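What follows is a single structure, written as structure tokens, with notes after it.
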Amino acid sequence: MTVAGIEVKNLNFFWPNGEQVIKSCSLQVPKGEFWMLLGTNGSGKSTLLRLIAGLLAPQSGEIGVLPPIGFVFQNPDHQLVMPTVGADVAFGLVSEKLAPAQVKARVEEALGAVNLLSLQRRPIYALSGGQKQRVAIAGAIARHCEVLLLDEPTALLDPDSQLDLVASVRRLVKSRGITALWVTHRLDELNYCDGAFLLEKGILVDTGDAERLKQRLMTVENEVV
Ligand SMILES: Nc1ncnc2c1ncn2[C@@H]1O[C@H](COP(=O)(O)OP(=O)(O)OP(=O)(O)O)[C@@H](O)[C@H]1O
Ligand SMILES: [Mg+2]
1 MTVAGIEVKN LNFFWPNGEQ VIKSCSLQVP KGEFWMLLGT NGSGKSTLLR
51 LIAGLLAPQS GEIGVLPPIG FVFQNPDHQL VMPTVGADVA FGLVSEKLAP
101 AQVKARVEEA LGAVNLLSLQ RRPIYALSGG QKQRVAIAGA IARHCEVLLL
151 DEPTALLDPD SQLDLVASVR RLVKSRGITA LWVTHRLDEL NYCDGAFLLE
201 KGILVDTGDA ERLKQRLMTV ENEVV
């Protein structure tokens, strides 16, 4: 039997205005796998990811996630709070009350994992979008996250950095046994995942093989055009 890194059962979520955006959703991401969550604008992807992260509370249903959880937002400018790369990654460790040498080791190890060690002292403002997303991911790696949730982390990137980022997250997930769920609507990213979920108007309508879901979405897109 596979062990789930993320498990959601019969989840329902309503906004205060009564709009139900997540409808009886159930899903499982096996431990150590890299899955994607797809769906059109407004289908509920970000809401579902925030529910899994515990940033929103569902009205009913169950959520099981292996802690600690790392969350990467679409816009890294909403996430990075310190002036330099190294300080930002270290900031995420404050609550762990580690000795300074341990913080240094964790920060260096995490920046090495995302290929940013040489930029440790660089100001955040001097980074590209892709580099900023790597800093956000290094923050999660430094905290030794078991589960990594990423909400359209490539939305603001150019196509080259987009595929670089998805490939490096796949490598990290596979080398460290992290469980990851990555929200996207870019079909070329699907080539990197172990499986995918398709969300339509708050309902999970398909689950499984990425290639099959890609074909299904391409057909839908052609019909819309
Ligand atoms: N804070 C909020 N209060 C009320 N309704 C909201 C709020 N945030 C989002 N919604 C609504 O919830 C629904 C799902 O939004 P959500 O952001 O989860 O979709 P999404 O699939 O992530 O879309 P996108 O691809 O645009 O990021 C939409 O109808 C949206 O208008
Ligand atoms: Mg969204």
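Oh and the sequence shown: position 2 is 2 in UniProt numbering, straight run, nothing missing.
Every residue, glycine too, gets a C-beta built ideally from N, C-alpha and C.
Note that the structure is predicted; figures quoted are calculated from it, not measured.
Taking only three categories from DSSP, how would you classify L49? helix
M36: which of M218, L199, A138 and Q215 sits nearest, CA to CA? L199
Going by the beta-carbon positions, is the gap between N10 and S26 smaller than 7 Å? yes
Taking the runs of the alpha helix (DSSP H) that are 4 residues or longer, which of them lie wholly in the region 92-122? 100-113
Based on Cα-Cα distance, which residue from W182, Q162, N12 and G86 lies nearest to G130? Q162
Leaving aside the five residues before and after P67 along the sequence, list all residues of the same chain whose C-beta is less than 7 Å from its C-beta, in chain order. E146
Quick check for students: name the residue ranges of the beta strand (DSSP E) that lie wholly in the region 139-168, counting only runs of 3 or more. 147-151
Taking the CB atoms as reference points, tell me whether D194 and E7 lie closer together than 7 Å. no
DSSP-derived helix/strand/coil call for I22: strand
Taking 8 Å as the limit between beta carbons, can you name the residues of its chain near L119, skipping five residues before and five after? V85, L111, L127 and Q131
Measure the beta-carbon distance from F197 to T184 and round it to whole angstroms, keeping in mind my assumption that it falls under 8 Å. So it is not a contact: roughly 11 Å between Cβ atoms.
Please report the residue range of the beta strand (DSSP E) in which S60 lies. S60 to V65
Segment contact flag, the region 131-145 with the region 68-77, C-beta cutoff 8 Å, min 3 pairs: yes
Exposure of Q102, with buried meaning 16 or more beta-carbon neighbours within 10 Å: exposed
With burial defined as no fewer than 16 other Cβ atoms inside 10 Å of the residue's Cβ, what is the status of W182: buried or exposed? buried
Work out the CA separation of I137 and V94 for me, nearest whole Å. 17 Å
When DSSP labels each residue in this structure, what does M218 get in the three-state scheme? helix
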